[in-house]
Structure formats: C-alpha cells, structure tokens
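Student:
In the working numbering, the protein residues as written are 55 to 149.
Below is the structure:
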C-alpha cells in the first residue's frame, strides 16, 4: 500500500519538474529574441548603408502597394466605361 502513495508523489514531482522546463524554454526564446533585436540594432548602427537599404526597401514596398491599388482602380474604371458604352449602344438600338 505504501508503494502507490510513492507513485503518486513521484508523478506529482514529475509534473512539477516539467513546469520549470517549460518556463526556462520560454525564457530562452525571449532571450534569443532580445539578442536578435540587439544584434540588428548594432548592425544598423555600424552599417548605415544597411539601414538605408532597409528604409529604401520599405519605401519600395509602399510604392508597389500604391501602384497596385491605382492599377486596380484603372481596370475597374475601364470596365465601367465599357459597360456604359455597351449599355448606351443597346439603348440607342432599341429606340
């Protein structure tokens, strides 16, 4: 009868021992993320060309998004005009 109690105690200890492992894994991930951010900041500070390149890439992405939006508006406007032209032609033929 004593043995089952020991098993219960041991399993309780095992579950408690797994919790710190999970917490330490999370802290390691956070530490790695902070280290990466620090490394990126150091690279930007040391290499202004890389920082400028990153800024230009961001600007390019914004301009490409704006261009895509303008192209879509142009296509819709062209389709609306084609529909208008067809509708007016059809109405003129009906009269």
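The beta carbon of each residue, even a glycine, is placed where N, CA and C say it ideally should be.
Can you grab the Cα-Cα spacing for the pair residue 139 / residue 106, in whole Å?
Tutor: For residue 139 and residue 106, the distance between alpha carbons rounds to 49 Å.
Student: Look up residue 101 in the DSSP assignment and say whether it is helix, strand or coil.
Tutor: The answer is coil: DSSP assigns residue 101 none of H, G, I, E or B.
Student: Do you know offhand how far residue 70's Cα is from residue 91's?
Tutor: Residue confidence is low: residue 70 scores 49 on pLDDT, short of 50, so the model does not pin down where it sits. No coordinate-derived value is stated.
Student: State the DSSP-derived secondary structure class of residue 149, mapped to helix, strand or coil.
Tutor: Coil, per DSSP.
Student: In angstroms with no decimal places, state the Cα-to-Cα distance between residue 146 and residue 112.
Tutor: For residue 146 and residue 112, the distance between alpha carbons rounds to 51 Å.
Student: Pick helix, strand or coil for residue 112, following the three-state DSSP scheme.
Tutor: If DSSP states are grouped into helix, strand and coil, residue 112 belongs with the helices.
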